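Written out below as structure tokens is the structure these notes cover.
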Ligand SMILES: [Zn+2]
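In this note's numbering, the protein residues as written are 1 to 175.
Following this line, the structure appears as structure tokens:
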């Protein structure tokens, strides 16, 4: 059991998560360590809110964040054994180049030490858009990892987590 880690699952917009994520969480964390956070819209907003409102006011030394569309199994457990301040499980992202940068982990399943949030000035997670704000240039993971690296934190990729991407946007009728 991971007694010293707070585990937060991002469940926006409908409060749901995969059955694999629920089983994985309850088999590895005491129930009092687990939270389900339905903050939205936007994954950057949700992550910042989790850190500010849920994790930092707690006494836990480490935060695990898991997205509602992740399907972890025993292969993901390597994140608990790896060395690093930010340890992210590899998963198949929508963009095939997403895992190419050795200093960026994506945050679908990630373990982060408290010190990282204390050293980096908020907002910790920021999407980068093009100048018309019409297209995302880089995800909130990339900017967070860049800021952490500038502060000297160690970023590690460990383990693997199956994943079925689901849109984080509400599906409305086309314009
Ligand atoms: Zn990302």
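Quick reminder that beta carbons are idealized off the backbone N, C-alpha and C, glycines included.
Note that the structure is predicted; figures quoted are calculated from it, not measured.
DSSP places residue 75 outside any alpha helix (DSSP H), giving it a letter other than H or E. Within the same chain, Cβ atoms closer than 7 angstroms to the Cβ of residue 58 are found at 6, the five residues on either side in sequence being excluded.
The three-state reading of DSSP puts residue 67 in strand, counting E and B together. In this structure, the C-beta of residue 106 approaches ligand 1 to less than 7 angstroms from one of its heavy atoms. The three-state reading of DSSP puts residue 134 in coil, since its state is none of H, G, I, E or B. Unbroken beta strand (DSSP E) runs of no fewer than 3 residues, entirely contained in the region 98-163, are found at 109-113, 136-138, 155-160, following chain order. Around the beta carbon of residue 88, 16 or more other beta carbons lie within 10 angstroms, which makes this residue buried. DSSP places residue 36 in the strand class (E or B) of the three-state scheme.
Straight through space, the alpha carbons of residue 127 and residue 133 are spaced by roughly 10 angstroms. DSSP places residue 17 in the coil class of the three-state scheme, outside both helix and strand. Rounded to the nearest angstrom, the gap between the Cα atoms of residue 32 and residue 49 is 19 angstroms. Nearest in C-alpha terms to residue 1, of all of 29, 11, 22, 63, is 29. In this structure, DSSP gives residue 10 an extended state, which the three-state scheme calls strand. Counting every other CB atom within 10 Å of its CB across the protein chains shown gives residue 142 a total of 16 or more, marking it as buried. Within the same chain, Cβ atoms closer than 8 angstroms to the Cβ of residue 123 are found at 44, 48, the five residues on either side in sequence being excluded.
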